[in-house]
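First the structure, in the form of structure tokens, and then the observations on it.
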Amino acid sequence: MWRIRASRELPRYALIAAAFAGLLASARFALDPPRTAPAAIPAASLASPDLAAQAYATLFARRYLSWDARQPERMIQELEPFVGSKLQPAAGFAPPPRGQQHVAWAEVVQTREPAPGTHVYTVAADTTAGLLYLTVGVTRTAEGKLALTGYPAFVGAPASQPANPETSLRPVEDATLETVIARGLGNYLDGAGSELASDLAPGAIVAPPAVPLQLVSVGRQLWAPGGGSVMATVQASDGGGARYTLTYEIDVIQVHGRWEISAVQTQPDA
């Protein structure tokens, strides 16, 4: 009898338990409602450089490092849009009594982000006084406008060391492939498009140098890491007699047992 009674009462007990569980869940959500996780920012957008801020820092560096002792007021005028009234005129720079300095080129070579929306750019500038490195802090205001964070600073060059060529690459040991590479590079450097086409794979796009060069010699050919490409170091000369040592990476494939070139150093259509 107890089994029959229990089987009849079981649905009622199950319903009561479900209702009780629902009340507990409602109370939990009332006390501690779930929070929607913020949408993840794509990694690409986080890594995207602020090109406008870089250009702003570069332009400031060019004007800051260009001066003429005979026209000190000109530098003050050119830097006025950057410094405004919160920094000293000409960003605190006073030219010497005589002389002048010009900038041949300047570009950002390093950046760090001390705070969100603020960057400190290291600008390399080739001046008549030599190669100088200047850090320029740039931030974006609440309105999205660019502004200096303060005065610049002269610093040293980013850490570097002498060339360290890869020495563990496998040599190319296929005479036929070496011949195709040498012939293809010769035609590529010389801008001989029709002759080069005979060694190109279907659909290959290459962009020969704007100034034709003559291939003088081809050094050792080595397989690039991962295979599929050959690193070839060559000697080449231009019409004026200058000689260059150049290394090209050539993508190669075999088509019906024949070696063909699918790319030379760059991807012009990428």
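So for the sequence shown, our numbering puts the first residue at 92; every next one is plus one.
Cβ atoms here follow ideal geometry from the backbone N, Cα and C, with glycine treated the same way.
Computed from a predicted structure; not experimentally measured.
- Query: Count the other CB atoms within 10 Å of the CB of T127; is the residue buried (16 or more) or exposed (fewer)?
  - Reply: Its pLDDT being 44, under 50, T127 is placed unreliably in this model, and the value from its coordinates should be taken loosely. Label assigned to T127: exposed.
- Query: By Cβ distance, which residues of its chain are closer than 6 Å to E286, with the 5 residues on each side in sequence left out?
  - Reply: N278
- Run the CB neighbour count on I272, radius 10 Å, all protein chains shown included, and call it buried at 16 or more, exposed below. buried
- Short check: CB of L276 to CB of V343, under 8 Å? No, these two residues do not count as a Cβ contact at 8 Å.
- Extent of the continuous beta strand (DSSP E) run through S308: Q305 to W314
- Query: What residues in its chain sit with their C-beta under 6 Å from that of A181, if we drop five residues either side in the sequence?
  - Reply: M166, I167 and L170
- Beta-carbon proximity check, V199 vs L156, cutoff 8 Å: no
- For A182, the three-state DSSP class (helix, strand or coil): helix
- Item | Paired residues, beta bridge with D159 - DSSP | Q191
- Message: Considering only the alpha carbon of each residue, which of A143, Q358 and Q145 lies closest to A295?
- Response: Q358
- Message: Here's a check: name, in chain order, each residue in its chain whose Cβ is nearer than 8 Å to the Cβ of A144, leaving out the five neighbours to either side.
- Response: Answer for A144: H210, Y212, V229, R231 and L237, listed in chain order.
- Query: Thinking just about the alpha-carbon of each residue, which of A323, E269 and L304 is nearest to the one in A333?
  - Reply: L304
- Query: Name the DSSP bridge partner or partners of H210?
  - Reply: V229
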